[in-house]
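For the sequence shown, my numbering gives the first residue as 2, with consecutive numbering after it.
For glycine and all other residues, C-beta sits at the position ideal for the given N, C-alpha and C.
Just so you know, these numbers come straight off a predicted model, no measurement behind them.
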Amino acid sequence: WLSCEEYAQGQCWQVDPEGRRNPEMTVLGGEGGNYEAVACDDRNPLQPIFYVTEDNEFGALRKFIPVKGPAGWDTLNGPGTTEYLVFLDDKIFTWRRRDNPARTS
């Protein structure tokens, strides 16, 4: 399970629903933010993709792609690529590695 904190320096936490492991901060929260929700596209179990929304007027939608491998507890605590959704116009968008363009598009 994932839990997002909705305050200025909040994080996204991974929580074991059975209580066998202590909650862990994930890489999804980066340097902190006001997070709303996390969604996972797990159509390819070897390459899940995680999306995080921010509860902020100029919040960015971020995408985290972990290093390939079967998804497990450590998936959100390891290396990967973070990109931000940038709208180029009303119909065209792209993903960028910097969050500034995403916050102003």
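| Asked | Found |
| --- | --- |
| Tell me which residues share the same chain as residue 4 and place their Cβ nearer than 6 Å to its Cβ, disregarding the 5 neighbours each side in the sequence. | 14, 16 |
| Taking only the alpha-carbon atoms, compute the straight-line gap between residue 102 and residue 6 and give it to the nearest angstrom. | 24 Å |
| Report the partner residues of residue 50 according to the DSSP bridge assignment. | 42 |
| Three-state secondary structure (DSSP) at residue 87? | strand |
| So, is residue 68 buried or exposed, given that buried needs 16 or more other C-beta atoms within 10 angstroms? | exposed |
| Pick out whichever of 81, 8, 74, 29 has its Cα sitting closest to the Cα of residue 21. | 74 |
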